[in-house]
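In my numbering, the protein residues as written are 129 to 327.
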């Protein structure tokens, strides 16, 4: 049953109510878009919607390919299986499904190396095994896979301000490396606040 149908009376269709279709585009079920394709959808927002599928992309036009390319619902297989789509390789650099294998397969694409360096799909092992790639240490400082071992091995390379916002930052890291932390950024980390209160 459509979410726009009154469950108490199936003859009542709420699709003509004063919905804000543009706002709903960020999270709406794609089946609703299929059912009401002529509504005032925000196609840029739909392109970022985590319910997006390649089937949906192939049915409709008007996509924002920057948003589609970094959408976590889009896999590297989707991209490789659809090479004629107007993918944004800059935005694929931020797609969390990105792998070092994908990068190695397509070395001549317009990669955004800062974004790749911060991408959660890229591990510290990937970085260490490919030292000649144009990594950005500011980006690696923000990568949630960052480890104490990696920090110690490259102690003079870090952007401590960027690391202060890293979602994987721990009290142990803060104590071990008493460097140029941005305490304003650290203070906004709810997880760290909780840990500090329990020290």
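Backbone N, C-alpha and C define an ideal beta-carbon position, used for all residues, glycine too. In this text, all values refer to a predicted model and were calculated from it rather than measured experimentally.
Would you identify the three-state DSSP class for residue i, choosing helix, strand or coil?
| i | result |
| --- | --- |
| residue 237 | coil |
| residue 194 | helix |
| residue 218 | helix |
| residue 206 | helix |
| residue 319 | helix |
| residue 168 | coil |
| residue 154 | coil |
| residue 201 | coil |
| residue 301 | helix |
| residue 250 | coil |
| residue 174 | helix |
| residue 309 | coil |
| residue 148 | coil |
Going by the CB atoms, is the gap between residue j and residue i shorter than 8 Å?
| i | j | result |
| --- | --- | --- |
| residue 275 | residue 290 | no |
| residue 197 | residue 172 | no |
| residue 217 | residue 238 | yes |
| residue 241 | residue 215 | no |
| residue 177 | residue 155 | yes |
| residue 243 | residue 221 | yes |
Taking all protein chains shown into account, do 16 or more other C-beta atoms lie within 10 angstroms of the C-beta of residue i, making it buried, or fewer, making it exposed?
| i | result |
| --- | --- |
| residue 151 | exposed |
| residue 190 | exposed |
| residue 308 | exposed |
| residue 187 | exposed |
| residue 318 | exposed |
| residue 250 | buried |
| residue 212 | exposed |
| residue 231 | buried |
| residue 283 | exposed |
| residue 166 | exposed |
| residue 225 | buried |
Rounded to the nearest angstrom, how far is the Cβ of residue i from that of residue j, given a contact under 8 Å?
| i | j | result |
| --- | --- | --- |
| residue 174 | residue 153 | 5 Å |
| residue 272 | residue 294 | 7 Å |
In chain order, what are the residue ranges of uninterrupted alpha helix (DSSP H) at least 4 long that sit wholly in the stretch 257-299? Whole alpha helix (DSSP H) segments, 4+ residues: 265-270, 276-281, 288-291.
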